[in-house]
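Numbering (the working numbering), first residue to last: 968 to 1049. Here a beta-carbon is modelled for each residue, glycine too, at the ideal position from N, C-alpha and C. Here is the structure we will look at, set down as structure tokens.
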């Protein structure tokens, strides 16, 4: 199959979370206990997964989930001379 298909471009997103050391921070209490929810093909599906996990942990104020835009980190044009 050629690259010029009607399939949407993969824009990979990672959803993960864990318990923070302090509210408002981004440092985790225990890296061994991070919850890697999954890798998703687009932002919309990642956001649904993030929302579901965030709602499940609403009673723990220190628990936070994040969406990482992996496609921005994996851009093949990054670092190439222009």
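- If you compare the alpha carbons of 1016, 1001, 1000 with that of residue 1007, the shortest gap goes to 1016.
- In the three-state reduction of the DSSP assignment, residue 987 falls in the strand class, which pools E and B.
- For residue 1033, the enclosing beta strand (DSSP E) covers residues 1030-1035.
- Following the DSSP letters along the chain, one finds residue 1019 inside the alpha helix (DSSP H) bounded by residues 1010-1023.
- Distances from the CA of residue 1040 to each of 981, 974, 973, 975 were compared; the closest alpha carbon is that of 981.
- Per DSSP, the beta-bridge partners of residue 982 are 1005, 1034.
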